[in-house]
Amino acid sequence: MGKGMKDNVIISVKGISKTFGGLKALIDVSFDVHEGEIYGIIGPNGSGKTTLINCITGFIKPNAGQVFFQGRDITGLAPHKIAHIGIARTFQIMRPYYTLPAFKNLIIPLWSPRARKIGGWRGGGKHGDRDTVAVDILEEIGFERDSRVPYKLASTLPTGYQKRLELARCIALRPQIIFCDEVFSGLSMSEIASMLPLIEKLKMDGITLIMVEHRLRELFRVADRVMALNFGEKIAEGDYTEVIEDKRVKEAYLGSEEV
Amino acid sequence: MEILIYGIINSVTLALISLGFTLVYSISRLPNFAHGALYITTGYIIWLFLNKFEGFPYPFAIFIGIAITCIIGALIYRFILIRIRGMEISEIIATYAIGLAILEGLRWGGLRGMTFTLPVFYPGTVEIFGVSIDYQRIIIVIVGICTFILLYLFTHFNKIGLALRGIAQDERAAMMLGIDSDTTAIISLAIGSGLAGFAAILLLPLGNIIVEAGYNVLIFAIAVCVIGGLGSWAGTVLASFIIGFAQILTEAFLSTHYQMVVALLAIIITLLVKPSGIFGKQKELEERV
Amino acid sequence: MEMMRKERIDRGIKVRTEGIYAISAMKEILYLLGPRLLLIVGVLLLPFFLELAPYWKRVINIMFVYSLLALAFDFLANYVGLVCLGGAFFVGVGGYLSAIFNSYFHIPIYISIPLATILGAIFCTLTILPCLPLRGVYFAIVTLMYPLLATRVIEALNILGGTNGITGIASFPHEYVEQYAVIFVMLICLFGMRRFVNEDIGLVIRGVKDNDQAVRASGISITYMKTLAVFIASLMCCFGGAYIAHLYMWAGLSLFALDFSIIPIASVVIGGGGTLVGAVIGSFILVPLSEFLRFFGTFRIVIYCALLTTFIILKSEGIMVYLQRKYHQFERWVKV
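The following block contains the structure:
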């Protein structure tokens, strides 16, 4: 899986470090992600996964290190500029635009300069009716078009739909990379089961996905490669069998046996 | 030399003014826009006691003035702010409205002109390094510095003070440990108001009790706190020295009119360079994501 | 014992018409247009009624200016999330600019007002620009200072007539021009803003209030959106200022006065935040009220503040929200 695309590095992270006060959230983390692959980042709570995403997408400025996107240094750019060049992200704490109906939530990314430049979604009208495009995207991501769900207020949607809305907001931007921050957490098994084909489909469309998770089983079903973080340090990388067998990963999840 | 001495006096004055505002914000995250109004109220109450009751002892009037202001502060929280806690916009508008109501009410009630003055504690001047200073200003500096030290000791070594600091750092955790957030907020508002009154007692003898002074105090308190970083003690002290000296310098080389302009420009520049203020802790983790 | 509970049910027409516009019968059209027509026709006819009470003409003009300011405050606070306590700054800039154009450069009134509106809005936006990254308390604090700063600068430099202000500004050529100018602008702004906040770009601006991080993650600069919003709001306020300058034929420091900051806020709170119409209705109530209270002098402000605080602490939804609910919903008691 994905082995043939080794040369096509789309995003390259070199030696990112970040400290909050005295707390070292990230220590010299480096990794490369190839175009079109699904890259998983695992680690126990507080291991710096979300901080890593925040550093890459510009929401937090790293203390050291660089991020390259297609060879271009994007370290320290403003978040909207990073999103503009095609790096979308979801948020771990779902916060849809509560006062708007679900489909109107997508108007915002659809209105963004990037979406307008690239034009309509999958050949839709260029400036056309954003509402129609929005409902199309929602349908694609699993909102039943004929039900009232896409027209409900975002705050009244159940968690599963809110997670999808979060993802739909990224898709509407027509990005090259999506950072998914724990899209599976808080979902039931059946909800995850319906989410997995979606992820596969995004991959088919040529979008690179970087998934931060701590639900390992679900992640391993889709991820091509996995990296493990613990206390802000990268402790393993590779095929999921390699990572899961790694001694340090086991220690991180189960606790050290020597103690 | 003159600049140095008057700069120090001015800085301590500013710090005194803004102490109450910082205290309330750092403990209960309440922007107390009624600060200036409380300042003037204290002055007015003391004036009332001194002038309406012949021969009323000055220290006792001061004590009553501060006590009443403390109670007003506590009442404001107990009956008004408690209902809108956590809604930032409402907090600002409500405290601002209360402050305005008090100030304009006093103005309407006749607090105008030059007749309202408080006596200085100890009349006369002294010469230090060739600069003549009246005793009141020296008292301000000494008492001001003592207040800082006392407050520092109070918040670091006293049980109530520690509880207040606990609330300031993590409200939820403190509540789980049995510290009541509302009680501490009442205490903080009472102390904050008391400090406003305390500043008034020290500073008002130098001028008239006028409504405009209330607005000025509010503005300077906010200016100092914003520049120092809202809720930061060290920032408050540092910022009051920055603004204090900047003002004295402008006064010496330009004109008195620019005092306020300097304070406001300082705010805008600080916010441009570092939006959270000099010592402000931007809650990066919580707010950002 | 029987327990009763109050139940609210949407009227059928509203459910069908919300955003979908399935209008087929006269009754439905009337249901939708009725309240709007009532407001428009009522406001347009007002000058004729005022022939009976000429004293109130000026009050009514000022009232419309205040409703513009209240609209701007409501838009900024409840749709963009910027609480601007210094609305008077915008008014003052608009007023002074118009005064400068008309009095110093002798530009006729028809040009000086629009010019002052646009240039004033640009000026205000540029000066507010440094504060836009700020949020919540910080923004409120800093905007509170702007009108004060402006006053002090004018006093200190003794420019623009200093404390005396600029006099000799042309007045409006006719009474009806004077009245209808502000009435039309107010109506256009009101209905324009109502439409604007539901357009795509308006949704983006509302997104900034709901969740600014997600807007940034969508590749939109929130500073740009806020700038745009401030520009729109300051357009309305600057027009108000320019209009007042011409109305009184004078522009002075009182254009930066507290009234212009606090009354719009009170109007919004009383009328119902986030409805836009509520802001207008709130000022329709407060400004005539303040005229009645003129006798009390500065005590007026005390009364506003008391009203304002009461409405805030009782978490009142505001008059407009209440009326809307009564209009769109039945209420009935049902057994539990």
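Protein chains in written order, with the working numbering: chain H, 139 to 397; chain G, -7 to 281; chain X, 130 to 465.
Positions of the beta carbon are idealized from the N, C-alpha and C atoms, including for glycine.
All values derive from a computational prediction rather than experimental measurement.
CB contact below 8 Å: residue i versus chain G
{"i": "X:Pro393", "result": "no"}
{"i": "X:Thr254", "result": "no"}
{"i": "X:Ile441", "result": "yes"}
{"i": "X:Thr146", "result": "Residue confidence for X:Thr146 is low, a pLDDT of 48 falling below 50, so the modelled location carries little weight; the figure read from the coordinates is stated next. With 8 Å as the cut-off, X:Thr146 does not count as an interface residue toward chain G."}
{"i": "X:Ala206", "result": "yes"}
{"i": "X:Val212", "result": "yes"}
{"i": "X:Val282", "result": "yes"}
{"i": "X:Leu384", "result": "no"}
Residue-chain proximity (residue i, chain X), Cβ-Cβ < 8 Å
{"i": "G:Leu181", "result": "no"}
{"i": "G:Ile132", "result": "no"}
{"i": "H:Pro200", "result": "no"}
{"i": "G:Ile9", "result": "no"}
{"i": "G:Ile85", "result": "yes"}
{"i": "H:Pro217", "result": "yes"}
{"i": "G:Ile240", "result": "no"}
{"i": "H:Phe197", "result": "yes"}
{"i": "H:Gly263", "result": "Summary for H:Gly263: the model assigns pLDDT 47, below 50, so the residue's position carries little reliability; its value from the coordinates is reported in the next sentence. No, its Cβ sits nowhere closer than 8 Å to a Cβ of chain X."}
{"i": "H:Glu158", "result": "For the sequence presented, residue 158 of chain H should be read as Phe rather than Glu. H:Phe158 does not count as touching chain X."}
{"i": "H:Leu311", "result": "yes"}
{"i": "G:Val218", "result": "yes"}
{"i": "G:His148", "result": "no"}
{"i": "H:Arg302", "result": "no"}
{"i": "H:Phe229", "result": "yes"}
{"i": "H:Ala226", "result": "yes"}
{"i": "H:Arg283", "result": "no"}
{"i": "G:Val253", "result": "yes"}
{"i": "G:Tyr250", "result": "yes"}
{"i": "G:Glu243", "result": "no"}
Bridge-paired residues (DSSP) for residue i
{"i": "H:Ser150", "result": "H:Asp170, H:Phe206"}
{"i": "H:Thr467", "result": "With chain H covering only 139 through 397, there is no way to say anything about residue 467 of chain H."}
{"i": "H:Ile179", "result": "H:Val350, H:Met365"}
{"i": "X:Gln458", "result": "X:Asp139"}
{"i": "X:Val463", "result": "X:Arg134"}
{"i": "H:Leu291", "result": "H:Pro239"}
{"i": "G:Ser124", "result": "G:Glu119"}
{"i": "H:Ile315", "result": "H:Ile225, H:Thr346"}
{"i": "X:Ile295", "result": "X:Ala380"}
{"i": "H:Gly376", "result": "H:Val364"}
{"i": "H:Glu371", "result": "H:Asn368"}
{"i": "G:Thr61", "result": "Answer by DSSP bridge pairing: none, since G:Thr61 is not bridged."}
Nearest-angstrom Cβ-Cβ length linking residue i and residue j, presumed shorter than 8 Å
{"i": "G:Ala177", "j": "G:Leu22", "result": "7 Å"}
{"i": "G:Ala226", "j": "G:Val216", "result": "At roughly 12 Å, the Cβ-Cβ gap does not stay under 8 Å, so G:Ala226 and G:Val216 are not in contact."}
{"i": "X:Ala285", "j": "G:Tyr(-2)", "result": "Rounded, the Cβ-Cβ distance is 20 Å, inconsistent with contact."}
{"i": "X:Ala408", "j": "X:Ser396", "result": "6 Å"}
{"i": "G:Ile19", "j": "G:Ala191", "result": "Not confirmed; about 18 Å, so no contact."}
{"i": "H:Ser155", "j": "H:Asn201", "result": "5 Å"}
{"i": "H:Phe197", "j": "H:Asp319", "result": "Contact flag wrong, Cβ pair sits at about 11 Å."}
{"i": "G:Ala29", "j": "G:Gly101", "result": "So it is not a contact: roughly 13 Å between Cβ atoms."}
Cutoff 8 Å: residue i Cβ touching any chain H Cβ
{"i": "X:Asn287", "result": "no"}
{"i": "X:Gly447", "result": "no"}
{"i": "X:Arg140", "result": "no"}
{"i": "X:Arg137", "result": "no"}
{"i": "X:Arg335", "result": "yes"}
Problem set entry | chain B contacts made by the segment 57 to 77 of chain G, where a contact means CB separation under 7 Å | Absence of chain B from the displayed structure is noted, the protein chains being H, G and X.
Problem set entry | Residues within the segment 233 to 261 of chain H neighbouring chain X, beta-carbon criterion of under 9 Å | Arg233, Pro234, Tyr235, Tyr236, Thr237, Leu238, Pro239, Lys242, Asn243, Ile245, Ile246, Pro247, Leu248, Trp249, Ser250, Pro251, Arg252, Ala253
Exercise. Going along the chain, which residues of the segment 259 to 278 of chain X sit with their C-beta nearer than 9 Å to a C-beta in chain G?
Worked result: Answer set for the segment 259 to 278 of chain X: Pro259, Cys260, Pro262, Leu263, Arg264, Gly265, Val266, Tyr267, Ala269, Ile270, Val271, Leu273, Met274, Tyr275, Leu277, Leu278.
Problem set entry | Short-range partners of chain X found in the segment 163 to 196 of chain G, where Cβ spacing is below 7 Å | none
For this session: With 8 Å as the C-beta to C-beta threshold (strictly closer), list the residues of the segment 337 to 350 of chain X near chain H in chain order.
Result: Cβ contacts with chain H come from Asp339, Asn340, Gln342, Ala343, Val344, Arg345, Ala346, Ser347, Gly348, Ile349, Ser350.
Problem set entry | Near-chain G residues of the segment 414 to 435 of chain X (beta-carbon distance less than 9 Å), N- to C-terminal order | Considering only beta carbons, the part of the segment 414 to 435 of chain X lying closer than 9 Å to chain G consists of Phe425, Gly426, Thr427, Phe428, Arg429, Ile430, Val431, Ile432, Tyr433, Cys434, Ala435, in chain order.
Problem set entry | Residues of the segment 310 to 332 of chain X with Cβ closer than 8 Å to any Cβ of chain H, in chain order | Listed by position, the residues of the segment 310 to 332 of chain X near chain H (Cβ gap below 8 Å) are Asp329, Ile330, Leu332.
Exercise. Which runs of the alpha helix (DSSP H) spanning at least 4 residues fall entirely within the segment 175 to 245 of chain G, listed in chain order?
Worked result: Taking only runs of at least 4 residues, the alpha helix (DSSP H) segments lying wholly in the segment 175 to 245 of chain G are 203 to 220, 225 to 245.
For this session: With a floor of 4 residues, list each alpha helix (DSSP H) that falls wholly inside the segment 321 to 393 of chain X, ordered by position along the chain.
Result: 329 to 339, 341 to 346, 351 to 377
For this session: Name, going along the chain, the residues of the segment 87 to 105 of chain G whose beta-carbon falls closer than 8 Å to a beta-carbon of chain X.
Result: Here the close residues are Tyr88, Ala89, Ile90, Leu92, Ala93, Glu96, Gly97, Arg99, Trp100.
Problem set entry | Contact list for the segment 176 to 209 of chain X against chain H, Cβ threshold 7 Å | none
For this session: Output the residue ranges of the alpha helix (DSSP H) runs that lie fully inside the segment 208 to 290 of chain X and measure 4 residues or longer, sorted by chain position.
Result: 216 to 228, 238 to 257, 265 to 286
Exercise. Using Cβ-Cβ distances below 9 Å, what residues of the segment 351 to 380 of chain H are close to chain X?
Worked result: Correct list: empty, as no residue qualifies.
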